[in-house]
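Participant:
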Amino acid sequence: MGKEFSIVPREVPPVESKYRRIRTPLPHPDSVSTLARLRQFEPQSMRGQPPLVWDRAEDIFVYDKYGNRWLDWSSGVLVTNAGHADPDVCQAIVDQVNSRLLHNYCFPSEERAALAECLAGLAPDGLKKVFLLTTGSEATECAIKLARAHGIRTGGNGKIGIVSFERGFHGRTLGAQQAGGMQGQKNWIVNLDPAFINVPFPDGYWQEDTRFETLLDRIRAQGFESSNIAGVLMETYQGVGPDFAPVEYVHKMAEWCKQHGIVLIFDEVQAGFGRTGKFWAFEHYGVTPDLICCGKGISSSLPLSAVLGRESIMDLFGPGSMTSTHTGNPVCCAAALASVRKIVGRNLTANAAALEPVLIEGLKAIQSRHPTVVGRVTAKGLVGGLQTVKPGTKEPDHDLAQSIIERCFHKGLLFFAPVGAWGQTVKIAPPLTIPRDALEEGLEVLSEATDEAVAAVHDQTLVTIP
Ligand SMILES: Cc1ncc(COP(=O)(O)O)c(C=O)c1O
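Per the working numbering, the very first residue in the sequence shown carries number 778; after that it's consecutive.
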């Protein structure tokens, strides 16, 4: 279980810079009653983020009510690609509300038609059907269902295997969590479906063997042949890093899928919509999937997700039999359309690509000062990660990542809580609107916080040695 940040107000040094302003104790004493009410009325699973009661968020900033302003490197949770409360997105939402169409189930609407057409236009050739949903988990569940239905249609009941990756994440619902690769998160399921097969993710660090043949070995070891596999579900990059698979591995995998009629699914819920410096992150591999799962950055705001795919797969279910109550809610569609237009129109994808070298160099500079405890740094576009380990080992160090994030919070740089299978990653994901000097300012803060956190651990070690 992840750690919690203290909600006891603490005096912190004031900060006044171009992008940050901290002028009160943190959390602000007046916000503690809200934090306490949340602790009283919500399940404890909802705790764990830095204790900042958000008042408003605009572009690259998050504000509380008390005059403090954070430079946001969370984008919520990689949602606000076009910036928080982008004026065009806000206007689209307001206009839609004023039109008095807030809900229309699966009845036709212009809003759904416009967004479906827009997304189909952005998808690779051959992926021209769009099914709108609400959450990322719904999108991955739907893709799993489509892949299995396709497998049964083409190969009978023996072709239902879903291959996915160790340490992967696809959501917290039953199918998504079975496909996910965090063993500890699946204990509640007990009777796991044996047709979900986790194989090692070839990141080259935690998993040093990056050969594609390892995937084949693993599925055979679980009693499956290629002909039994219905689909492969892969996060385009694993969120823990971001960690990409080797291009060669993915090429071989795509070839294998084609050869055996296996549906290739990229989970772009986190990776899509410009985040990695390409509109779709799978473009880095130079392959085209059969299905794409989208969410998060699709709207930069309201809950919306989508599955995009080939007609032959997307049309497997007849009229009325693959729907959802909030399928393509018109307000969410209006927000998503405005957000996608902003990402494309302002070429935010190019901004992410242009800033990648700044991000990776900044992270490498931090690692070079602390090579024994910053085990791995990675970045693609405007998503990056700094993974902490116990000195000189590959043993993940959650406490160090937590301490770095808390120190940044006190300095006006906002991250969400550490992520990764062992909570070892400080994840960097600012809105794609961030200018270069704000990225540089944030890197300086992260660097300072890492120095302090490492020094604090070192001091403690000195104190405890007799
Ligand atoms: C890669 C990936 N897939 C699926 C999901 C699940 O999305 P949601 O939380 O909207 O259900 C997430 C959420 O973090 C994700 O990162």
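From the three backbone atoms N, C-alpha and C, an ideal C-beta is built for every residue, glycine too. From a predicted model like this one, the values you see are computed outputs, not experimental measurements.
(1) Would you mind sorting residue 1020 into buried or exposed? The rule is 16 or more other CB atoms within 10 Å of its CB.
(2) Alpha carbon to alpha carbon, how far is residue 1156 from residue 1102? Give it in angstroms, no decimals.
(3) Have a look at the DSSP bridge pairing and note the partners of residue 848.
(4) Let me know if residue 966 comes out buried or exposed under the rule of 16 or more other beta-carbons within 10 Å of its beta-carbon.
(5) Using only alpha-carbon positions, find the residue among 1149, 1148, 1085 that is nearest to residue 904.
(6) Less than 7 Å separating the Cβ of residue 1027 from some heavy atom of ligand 1?
(7) Are there any heavy atoms of ligand 1 lying less than 7 Å away from the beta-carbon of residue 1200, as far as the coordinates show?
(8) If you scan the stretch 1104 to 1157 from start to end, which runs of the beta strand (DSSP E) of 3 or more residues do you find wholly inside it?
(9) How about residue 1161: is its Cβ closer than 7 Å to a heavy atom in ligand 1?
(10) Please name the residue in 1091, 1047, 1065 whose C-alpha comes closest to that of residue 1073.
(11) Given a cut-off of 8 Å, decide if residue 1069 and residue 1032 are closer than it, judged by their beta-carbon atoms.
(12) Compute the distance between the beta-carbons of residue 950 and residue 1002, then report whether it is under 8 Å.
(13) Within 10 angstroms of the Cβ of residue 969, are there 16 or more other Cβ atoms? Answer buried if so, exposed if not.
(14) In the structure shown, what three-state DSSP assignment does residue 1095 receive?
(15) Of all the beta strand (DSSP E) runs that stay within the bounds of the stretch 861 to 930, which reach a length of 3 or more residues?
(16) Tell me, which residues are paired with residue 1089 by DSSP?
(17) For a quick check, are the C-beta atoms of residue 1120 and residue 859 less than 8 Å apart?
(18) Out of curiosity, what's the CA-to-CA distance linking residue 823 and residue 799?
(19) Just to confirm before moving on: does the CB-CB distance between residue 1041 and residue 1067 stay below 8 Å?
(20) Taking the straight line between their C-alpha atoms, what separation do you get for residue 1030 and residue 1194?
(21) Just to check, is the beta-carbon of residue 955 closer than 7 Å to a non-hydrogen atom of ligand 1?
(22) Straight-line CA distance for residue 1135 to residue 997?
(23) Can you check which of these residues, 1143, 1075, 1154, is closest to residue 899 by C-alpha distance?
(24) Using a 10 Å radius around the Cβ and a threshold of 16 neighbouring Cβ atoms, would you call residue 1219 buried or exposed?
(25) Let's see if you can read the secondary structure: which residues bound the beta strand (DSSP E) around residue 1012?
(26) Could you tell me which residues DSSP pairs with residue 941 in its beta bridges?
(27) Evaluate the contact criterion for the stretch 1144 to 1163 versus the stretch 1007 to 1027: three or more CB pairs, one atom per stretch, below 8 Å.
(28) Please report the distance separating the alpha-carbon of residue 907 from that of residue 1192.
(29) Between which two residues does the alpha helix (DSSP H) containing residue 996 stretch?
(30) Determine whether the beta carbon atoms of residue 940 and residue 976 lie at a separation below 8 Å.
(31) If you follow the alpha helix (DSSP H) that residue 1068 is in, where does it begin and where does it stop?
(32) What are the boundary residues of the alpha helix (DSSP H) that residue 1027 is part of?
(33) Around the C-beta of residue 1113, are 16 or more other C-beta atoms found within 10 angstroms, so that it is buried, or is it exposed?
(34) Closer than 8 Å by C-beta to residue 929: which residues in its own chain qualify, once you throw out the five before and the five after it? Chain order, please.
Facilitator: Straight from the coordinates:
(1) Within the sequence shown, the letter at position 243 stands for residue 1020. Classification for residue 1020: buried.
(2) For this step, residue 1102 is matched to residue 325 along the sequence shown. For this step, residue 1156 is matched to residue 379 along the sequence shown. Answer to the nearest angstrom: the Cα atoms are 37 Å apart.
(3) Counting from 1 along the sequence shown, the entry for residue 848 is found at position 71. Paired residues: 838, 1190.
(4) Sequence index remark: in the sequence shown, residue 966 carries index 189 (1-based). By the neighbour-count rule (16 or more Cβ atoms within 10 Å), residue 966 is not buried but exposed.
(5) On the sequence shown, residue 904 is found 127 positions in, with the first residue counted as 1. Taking residue 904 as reference, the option from 1149, 1148, 1085 with the minimal CA-CA separation is 1085.
(6) As a working mapping, residue 1027 is identified with position 250 in the sequence shown. Every heavy atom of ligand 1 is 7 Å or more from the Cβ of residue 1027, so no.
(7) Reading the sequence shown from its first residue, position 423 is the one you call residue 1200. The answer is no for residue 1200.
(8) 1151 to 1157
(9) The sequence position of residue 1161 within the sequence shown is 384, counting from 1. No, the Cβ of residue 1161 stays beyond 7 Å of every heavy atom of ligand 1.
(10) On the sequence shown, position 296 is the one that residue 1073 refers to. For residue 1073, the nearest C-alpha among the options comes from 1047.
(11) Residue 1032 sits at position 255 when you count from the first residue of the sequence shown. Residue 1069 sits at position 292 when you count from the first residue of the sequence shown. Contact flag unset, no.
(12) Indexing the sequence shown from 1 puts residue 950 at position 173. Indexing the sequence shown from 1 puts residue 1002 at position 225. Going by C-beta atoms, residue 950 is not nearer than 8 Å to residue 1002.
(13) Counted from its first residue, the sequence shown places residue 969 at position 192. It counts as exposed.
(14) Translated into positions along the sequence shown, residue 1095 becomes position 318. Reduced to three states, the DSSP call for residue 1095 is coil.
(15) 906 to 910
(16) Stepping through the sequence shown from its first residue, residue 1089 is reached at position 312. According to DSSP, which records beta bridges pairwise, residue 1089 is partnered with nothing at all.
(17) For this step, residue 1120 is matched to residue 343 along the sequence shown. For this step, residue 859 is matched to residue 82 along the sequence shown. At a Cβ-Cβ threshold of 8 Å, residue 1120 and residue 859 count as neighbours.
(18) Numbered from its first residue, the sequence shown carries residue 823 at position 46. Numbered from its first residue, the sequence shown carries residue 799 at position 22. So the two alpha carbons sit approximately 25 Å from each other.
(19) Against the sequence shown, residue 1041 aligns to sequence position 264. Against the sequence shown, residue 1067 aligns to sequence position 290. A contact, by the Cβ cut-off of 8 Å.
(20) Your numbering for residue 1030 matches position 253 in the sequence shown. Your numbering for residue 1194 matches position 417 in the sequence shown. Distance between the alpha carbons of residue 1030 and residue 1194: 33 Å.
(21) In the sequence shown, residue 955 corresponds to position 178, counting from 1. Because no heavy atom of ligand 1 lies under 7 Å away, the Cβ of residue 955 does not count as near it: no.
(22) As a position in the sequence shown, residue 1135 is number 358, starting the count at 1. As a position in the sequence shown, residue 997 is number 220, starting the count at 1. Between residue 1135 and residue 997, the C-alpha separation is close to 43 Å.
(23) Walking along the sequence shown from the start, residue 899 turns up at place 122. Checking every option, the nearest Cα to that of residue 899 belongs to 1075.
(24) Counting from 1 along the sequence shown, the entry for residue 1219 is found at position 442. Per the 10 Å Cβ criterion, buried.
(25) Here the question's residue 1012 lines up with position 235 in the sequence shown. Unbroken beta strand (DSSP E) run through residue 1012: 1006 to 1012.
(26) Here the question's residue 941 lines up with position 164 in the sequence shown. Looking at the DSSP assignment, residue 941 forms a beta bridge with 975.
(27) Under the three-pair Cβ rule at 8 Å, the stretch 1144 to 1163 counts as touching the stretch 1007 to 1027.
(28) Within the sequence shown, numbered from 1, the residue matching residue 907 stands at position 130. Within the sequence shown, numbered from 1, the residue matching residue 1192 stands at position 415. For residue 907 and residue 1192, the distance between alpha carbons rounds to 32 Å.
(29) Here residue 996 refers to the residue found at position 219 of the sequence shown. Element bounds for residue 996: 990 to 998.
(30) Locating residue 940 in the sequence shown gives position 163, where the first residue counts as 1. Locating residue 976 in the sequence shown gives position 199, where the first residue counts as 1. Yes, these two residues count as a Cβ contact at 8 Å.
(31) The residue you call residue 1068 lines up with position 291 of the sequence shown. Run containing residue 1068: none in the alpha helix (DSSP H); it sits in the beta strand (DSSP E), 1068 to 1071.
(32) Position 250 of the sequence shown, counted from the first residue, corresponds to residue 1027. Looking at the DSSP string, the run of the alpha helix (DSSP H) that includes residue 1027 is 1024 to 1037.
(33) In the sequence shown, counting from the first residue as 1, residue 1113 sits at position 336. The residue is buried, with at least 16 neighbouring Cβ atoms inside 10 Å.
(34) Mapped onto the sequence shown, residue 929 falls at position 152. Closer than 8 Å at the Cβ level, and outside the excluded window around residue 929, lie 936, 937, 1007.
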